[in-house]
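Below is one structure, written out as structure tokens, with a few remarks after it.
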Amino acid sequence: MHQAAKSLLTIINDILDFSKIEAGKLDLEKIPFRLSQVMAGQQQLLMQKSDEKGLKLLIEVDKEVPDALLGDPSRIGQVLTNLTSNAIKFTEQGEVAIQVARVRQSEDEITLLFSVSDQGIGMSTEQQKELFQPFTQVDGSISRKYGGTGLGLSISRQLIEMLGGGITVESQLGEGSTFSFTLPLQLDQRAEGVLEPPFTQAGGEEERSLAGARVLLVEDNQVNQMVAKGLLDLVGVEVDVVEHGVAAIEYLSERADSLPDLVLMDIQMPVMDGYEASRRLRADSRFNNLPIIAMTANAMVQDREMATAAGMNDHIAKPVEPEQLYQVIRRYVVTVDQTKSAALEEPVEDAAVEASLANFVWSTLNYDQGLKQVGGRESLFAMVLNRFITDQSNTIELIEQAIEAEAWSEAIRYAHSLKGVAGTIGAETLQLQAADIESLLVAQDKQAIPLEPLKSALQAVVVEISAALQSEEKDDSVTTSDPAVSAGWIEPLQKLLEQVLLYDTAALDEINVLLPSARGSAIEQPLQKIRQQLEQYDFEKAQQQIEWLIEQAETVNE
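In terms of this note's numbering, the sequence shown opens at residue 106 and continues consecutively.
Structure follows, in structure tokens:
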């Protein structure tokens, strides 16, 4: 049933794209993008498929290829996904490789050669002549065995030609195939760079230049809140958070004279979704120039078009890639406080947390991918995993209740949210199963929604995360030596505690004010520990430490 639903969606999307191309109504973009993000997206999207067949997926980009380009990253990704999916489909053993090389380059333009090679069934010369024709497979038996619409290659050829390039194929029957296409692209002169896999981690100088920018995050899911806020805090961006569209409109209306630099807007939220909130904001002239960026786990072309129609300026796919997030903000935020950028300190990671989570033997999630999603921050990742357990453990029950009540939009929202946060933590199998259920829920057929596999997958992830976090906690206990804390510390500690309970990053500024007064005293070491915990966004342990200090101060001074 799952596979049938996915196949049906593929057919529908192919037909929609083909119809738009034939009618001359398919719009192309020319926007700044990072080639590294396109390739990372291919890796994330296709690794599961290749792993299931025991194939090795290679992605190789020549060191001379610049990373910062102008073009249509969505369509480039669409063609690569189609070609690579075919390569995986028709290969039973060996490897599939995506390669990018420079053909020629001028001062402001570059032509790239993209190649997708496989060691699969290959094609004869006669079969190759039938390629790129709509609704055509080179052999009827191939369609019966492997499936497919016969539209993918035709759409890919037309897209490449619309982008100014050309596509070719080299193949030998029984030995494999190589599909290659060339594309002329402009260089993004504002952000020169060379791609050096593995892809760059958050926190570099380019990102640090964002310090002082002000962002409103509109997001109802607490895991996504933590990740986005953690990534933005990391580079000095000031973030306020509201949980739905109505709250966003109220927040901005109250601050119309001092608006944030940018709004990150989730799409599927309770009370009011992101599309409606954006439409209402655009109807108010006070917000005409306010950049609004859509954030959604649905990254299809139709979703981008809906975001644009609602008045949104841009689109970020979930799970959020740190580099993509920073790139989009740089695109719209013109001026920031460079004094804050200069003062921004590198975060300090807790070695015990890093060793514990990294050494745990994970089977239900891709640890490296999840860690990458939070900018490489081990402690933030631990907090996100803990929040995932708290928020998602009963998601299947909520979906079941919504289905029974025929509250389909609510059920879809629960599945959509689970899909997004599963992707964020690297639980790839769970993410795919949640995506399947979300697609089936759209059809509103109670009898065709098998929730048991999703329930089992979620339970396995929760159990494994719990075991990993218990292992981590053994090595990260709260300081328990008894400092002599004077009564004068009670009030500032209580103020600090209030900020920590609100997950307010101003708590870090507050403790930096307190530390000089503690220098040389017994409380200095505990405060340094709290500062380290706050730098790692570990508000729970900071809360425990502060409460313990307040208790000590009250006991000593009774």
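No residue lacks a Cβ here, since even glycine has one placed at the ideal position from N, Cα and C.
Item checked: Local conformation of residue 411 per DSSP, three classes -> helix
Margin query: Could you tell me the alpha carbon to alpha carbon distance between residue 609 and residue 556, rounded to whole angstroms?
Written below: 38 Å
Margin query: Tell me which residue opens and which closes the beta strand (DSSP E) that residue 420 is part of.
Written below: 419–422
Next item on the list: Report the rounded CA-to-CA distance for residue 374 versus residue 198, giving the unit in angstroms.
Entry: 43 Å
Check: Which word fits residue 456, buried or exposed, when buried means at least 16 other C-beta atoms lie within 10 angstroms of its C-beta?
Finding: Here the model assigns residue 456 a pLDDT of 47, short of 50, so the residue's position is not dependable, and the following value carries that caveat. Residue 456 should be labelled exposed.
Next item on the list: Would you give the residue range spanned by the alpha helix (DSSP H) that residue 600 belongs to?
Entry: 595–606
Item checked: DSSP state of residue 228 mapped onto helix, strand, coil -> coil
Note to self: Contact defined as beta carbons within less than 8 Å: I believe residue 279 pairs with residue 227. What is the distance between those atoms, to the nearest angstrom?
What the structure shows: 5 Å
Next item on the list: Provide the residue span of the alpha helix (DSSP H) that contains residue 518, from first to last.
Entry: 513–530
Check: For residue 358, does the count of other Cβ atoms within 10 angstroms reach 16, so buried, or fall short, so exposed?
Finding: exposed
Note to self: Taking only three categories from DSSP, how would you classify residue 640?
What the structure shows: helix
Notebook entry, point to check: When the Cα atoms are used, what is the spatial distance from residue 464 to residue 472?
Noted result: 10 Å
Check: Cα-Cα, which of 381, 184, 335, 222 is closest to residue 201?
Finding: 222
Next item on the list: Please work out which residues of its chain come closer than 6 Å, Cβ to Cβ, to residue 304, disregarding the five sequence neighbours upstream and downstream, and give them in chain order.
Entry: At residue 304 the pLDDT is 34, less than 50, meaning the model places this residue with poor confidence; the figure from the coordinates comes in the next sentence. 141, 145, listed in sequence order.
Next item on the list: Rounded to whole angstroms, what's the CA-CA distance from residue 424 to residue 325? Just pull it up for me.
Entry: 15 Å
Checklist line | Rounded straight-line distance, which links the Cα of residue 345 to that of residue 452 | finding: Unreliable positioning characterises residue 452 in this predicted model, as indicated by a pLDDT of 49, which lies under 50. The coordinate reading is nonetheless provided below. Near 21 Å, if we compare the C-alpha coordinates of residue 345 and residue 452.
Next item on the list: Take residue 343 as the anchor and find which of 510, 174, 334 has the nearest alpha-carbon.
Entry: 334
Notebook entry, point to check: If you follow the alpha helix (DSSP H) that residue 354 is part of, which residue opens it and which one closes it?
Noted result: 350–359
Check: Looking at the structure shown, is residue 206 part of a helix, part of a strand, or coil, going by DSSP?
Finding: strand
Check: residue 195: which of 212, 181, 182, 155 sits nearest, CA to CA?
Finding: 155
Margin query: Quick check: residue 149 and residue 474, are their CB atoms within less than 9 Å of each other?
Written below: yes
Margin query: Tell me the DSSP secondary structure of residue 168 in three-state form.
Written below: coil
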